[in-house]
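Just so we're on the same page, the numbering used here is the position in the sequence shown counted from 1, plus 16.
Heads up, the beta-carbon is just placed ideally off N, CA and C, and yes, glycines get one too.
Reading through the structure tokens given below for one structure.
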Amino acid sequence: MKDGSTPGDGRSPATNPSPVAEALPVIRRPFDPTDEEKRKLGRAAGEAAAAGSQGASQGGGSKGVKGRTRAPSDGRTGRQGRQRPPATRPTDALPATPQNLPPSSRSNAAARSMLRRLVQGEAPPTQAMSIVERLAGSPYANPMIQAGGPDASARKALDFALNLAETMFRYGAGALEVETSIIAVTATFGLDNIEVDITNQSVVLNYSAEGQTPTTVLRVVRSWTNNYAGLTAIHQLVSDIADGGVSRTEAAQRLDEITHRPKPFPRWMVTAAFGIFSAAIVAFVGGTLLGSLVGFVSCILVDLVSRRLGEWRVPEFFSVATSSALVTLIAMLFWWLQVPISPAFVVVGGILLLLPTGRLVSATQDAINGFPVTAAGRFLSAVLVFAALVAGIAVALVAGSALGIPPLEVLESSGSQYPWPVVAVLTFVAVAMICIAEQTDVKLVIPTSLVAVAGYLLLIGATSAGVGYRLAPALAAVLIGALSRVVALRLGAPQLVVAVPAVLFLYPGLTIFRSMYMLTLDADMVNDGALGLFNALTVVLAIAAGVVLGDNLARPFTRKLGSNERQRNRRR
């Protein structure tokens with residue numbers, strides 16, 4: 017093809033040279049036309065184009081200026097407005113694809129497009145998920161986002177988000193709640209290019225707006241305190257920010273007020289609550305009135321000792337071990353003095369306060385919700401506290417044996433001496449005291465106690481139906497977790513604030529003490545002690561997982577308490 021022409025093109029070989037075609041080797045297929053046929057086709061196409069142009073000019077002149085029409089300009093029109101003539105195709109050439117597809121071809125294309133969407137999805141598999149979509153299912157779903165974008169001082173918004181996250185971690189919030197709070201706040205303030213990374217003790221925020229230098233800020237949390245009322249106030253603050261009615265300056269002022277606000281209950285009331293809780297739990301597990309009195313005194317003493325150890329900055333491991341050893345020694349001393357009490361029940365009332373209940377629930381929740389690093393750190397911390405609790409009991413038992421204290425009666429248990437309505441009242445009182453000890457908001461004390469009573473009723477119902485001692489507490493924990501989410505969202509609080517105090521009475525403190533006694537002092541029952549300790553750990557984890565399961569089961573039924581409630585507030 018030395019002339020560079022193509023079949024069906026109206027341009028002559030002289031005006032369309034193709035040196036590239038001359039340099040390339042000619043590959044001839046069996047059904048290609050010969051060079052002579054191509055030249056004939058080219059001359060015929062040129063004559064047809066000239067005739068069509070002459071007819072078009074004559075037709076325009078006969079109509080005059082007003083009747084002149086402009087030829088459409090597309091890729092098939094020449095420079096002078098001439099229409100491209102139809103191409104003449106040899107009979108032995110390949111069939112050309114029609115430019116106007118028939119309806120059947122369009123249907124096939126639509127079917128292929130639909131199949132492609134079904135296989136690949138609406139978005140590429142590696143496309144990043146919108147950060148605001150992380151709020152789906154949380155109390156901060158559907159936030160009010162600033163349409164104007166972030167202000168000039170985006171760093172101030174990042175600092176506020178860090179202060180918020182640090183305060184929430186200090187008050188015992190879970191990683192998922194901290195992350196959703198950060199996303200809701202930053203999205204409301206117009207920072208939509210945010211990445212959040214949360215570990216056990218640190219929060220990292222990265223803000224990389226388009227065309228700007230990325231900014232990364234980090235905050236490490238080094239202290240913790242019991243302040244569920246403060247956590248509830250922060251939850252309400254984040255909800256108000258997501259509503260769009262709180263500026264950044266006002267939000268910073270409210271956060272500062274929350275952190276400097278005194279706790280709802282004074283210290284002396286917290287100490288008394290520890291003692292009342294122990295007395296109620298001793299009666300709950302089967303102790304006598306005198307045993308409840310001993311538990312009351314011992315837990316008050318333990319709280320005073322642990323407070324002093326905290327002032328001396330003693331590590332938590334040794335503080336918990338000292339407290340559990342002190343509770344066990346006091347019970348053994350009263351037993352040695354032949355006071356008619358059951359020392360195992362007295363110890364249970366003290367060690368339940370030392371169990372890392374909130375940490376276990378938060379760690380389980382973080383593990384299920386996709387925060388493995390945070391969950392691993394919290395699980396390790398909870399295991400260390402549990403090990404300290406067990407070590408303190410073992411040290412006290414060995415010390416008591418060295419002092420000549422007679423063997424304890426740890427295998428006898430006839431259950432509670434009171435009917436189930438009285439035990440339900442004891443559960444209500446015990447959980448109310450835990451709410452005071454955890455500095456829960458006053459408006460949540462009674463609802464939390466009622467949630468615990470509902471869990472107790474399910475527990476005795478499942479036990480009467482023959483459910484095992486492992487499954488019955490887990491079922492009660494599921495109910496407590498679901499009711500806690502409903503109550504918490506109704507009263508403007510996170511679910512953890514209600515669930516952790518309400519679930520504490522389910523933990524197997526008596527099994528833990530019995531297992532440690534067998535492992536420490538009874539050589540013939542070492543295997544039974546190890547098995548009992550393993551069963552206690554299984555029940556503890558089952559209770560924590562049940563709380564998280566109940567929370568997730570209640571989410572589809574509580575959506576109106578979150579985003580829809582926020583929409584009604586906006587319409588006002």
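Fewer than three pairs of CB atoms, one per stretch, sit closer than 8 Å, so the segment 541-560 makes no contact with the segment 473-483. Scanning its chain for C-beta atoms nearer than 6 Å, with the 5 sequence neighbours on each side dropped, one finds around residue 246 the residues 187 and 274, in chain order. CA-CA distance, residue 474 to residue 210, rounds to 44 Å. By the CB criterion at 7 Å, residue 452 and residue 281 fall inside the cutoff. For residue 392 against residue 526, the beta-carbon gap comes to about 29 Å, at or over 8 Å, which does not count as contact. Only exposed fits residue 278, as fewer than 16 other CB atoms lie within 10 angstroms of its CB. Excluding sequence positions up to five before and after residue 358, its CB lies within less than 8 Å of the CB of 302, 303, 304, 307, 425 and 428, all in the same chain and listed in chain order. In this structure residue 540 is exposed. Its beta-carbon is surrounded by fewer than 16 other beta-carbon atoms within 10 angstroms.
DSSP, reduced to helix, strand and coil, places residue 210 within a strand of the structure shown. For residue 520, the closest C-alpha among the options 536, 493, 498 and 501 is that of 493. Cβ contact annotation for residue 465 (same chain, cutoff 6 Å, sequence separation greater than five): 444, 447 and 448, in chain order.
About 21 Å separates the beta carbon of residue 508 from that of residue 276, a gap too long to meet the 8 Å contact definition. From the listed residues 383, 534, 218 and 317, the smallest Cα separation to residue 340 is found for 317. Closest in C-alpha terms to residue 490, from the list 512, 524 and 504, comes 524. At a Cβ-Cβ threshold of 7 Å, residue 367 and residue 405 count as neighbours. Rounded to the nearest whole angstrom, the C-alpha separation of residue 177 and residue 249 is 15 Å. DSSP lists 211 and 232 as the bridge partner or partners of residue 222. Relative to residue 272, the option among 331, 55, 204 and 183 whose CA is nearest is 183.
Annotation: the continuous alpha helix (DSSP H) that includes residue 449 extends over 436-453.
Within the model, the alpha-carbon separation for residue 365 versus residue 371 is close to 11 Å. Cα atoms of residue 236 and residue 270: separation of roughly 22 Å, rounded to the nearest angstrom.
In the DSSP assignment, residue 372 falls outside any alpha helix (DSSP H) and carries neither an H nor an E. Per DSSP, residue 319 is one residue of the alpha helix (DSSP H) stretching across 305-327. The way I'd put it, the segment 410-421 does touch the segment 342-352; three or more beta-carbon pairs between them come closer than 8 Å. Residues 471 and 474 of the same chain have their beta carbon placed closer than 6 Å to that of residue 495, with the five preceding and five following residues left out of the count.
Residue 510 and residue 454 do not touch by the CB rule: their CB atoms are close to 13 Å apart, not below 8 Å. Across the structure, residue 197 and residue 255 are spaced so that their CA atoms are roughly 9 Å apart. Given a length threshold of 3 residues, the segment 459-505 has no whole run of the beta strand (DSSP E) inside it. Of the other Cβ atoms in all chains shown, 16 or more fall within 10 Å of the Cβ of residue 394; this residue is therefore buried. In the structure shown, the three-state DSSP call for residue 568 is helix. In this structure, residue 156 keeps its C-beta atom at 7 Å or more from the C-beta atom of residue 513. Closest option to residue 173, judged by alpha-carbon separation, among 231, 226 and 216: 231. Straight through space, the alpha carbons of residue 576 and residue 296 are spaced by roughly 37 Å.
With a 10 Å radius around the Cβ and a threshold of 16 neighbouring Cβ atoms, residue 205 comes out buried. Leaving aside the five residues that flank residue 544 on each side, the residues in its chain whose CB is nearer than 6 Å to its CB run, in chain order, 534. DSSP, reduced to helix, strand and coil, places residue 187 outside both helices and strands of the structure shown, so it counts as coil.
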